[in-house]
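One structure is given here, and the rest of the page talks about it.
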Amino acid sequence: AGSASAKAVRELGLLGVIDESARIPQPSDDKMNQAFNQRFEPYRAFGRAHPSKAKSCFVITHYPGQVTYSTRGFLAKNADQLPQEAVALLAQSSNALVSDHFSRHPSCDAAKQG
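Residue numbers (this note's numbering): 16 to 129.
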């Protein structure tokens, strides 16, 4: 019986783990990398980096081969916010998936109240 947040992370994959990692107390790229390793270890396409890089890197096997990704700066890049105007425009999309997602965005709630 996990929380709704934990369920969302399972469903969203890497992007969900990045978002969840940004919301924990004292977030760090290293903690996010640990979460990647714990969450995706069972998957064949996911691998651990060489021990000398294991704290800050992870590996994904793509069609042409393995690619090592560094997590340095992931959370800082994820902290960028969409402009409120962009969120409002996306909330009005004719695509139901897009409009539903962005109509629940916190900046839309603020716009409705103000």
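In this text, a Cβ means the ideal position worked out from N, Cα and C, and glycines have one as well.
Item, Value
"Local conformation of Arg63 per DSSP, three classes", "strand"
"Straight-line gap, Pro79 to Gln49 (C-alpha atoms, nearest Å)", "25 angstroms"
"Given Gln81 as reference, the closest of Ala60, Arg38, Lys70, Lys92 once Cα atoms are compared", "Ala60"
"Beta bridge counterpart(s) of Gln99 as assigned by DSSP", "Looking at the DSSP assignment, Gln99 forms no beta bridge with any residue, so it has no partner."
"Thr76 burial status per 10 Å Cβ neighbour count (16 or more: buried)", "exposed"
"Rounded straight-line distance, which links the Cα of Leu30 to that of Ala106", "20 angstroms"
"Secondary structure of Gln191, DSSP reduced to three states", "A query on residue 191 cannot be resolved here, the shown segment of the chain reaching from 16 to 129 and no further."
"Buried/exposed call for Ala94, threshold 16 Cβ in 10 Å", "exposed"
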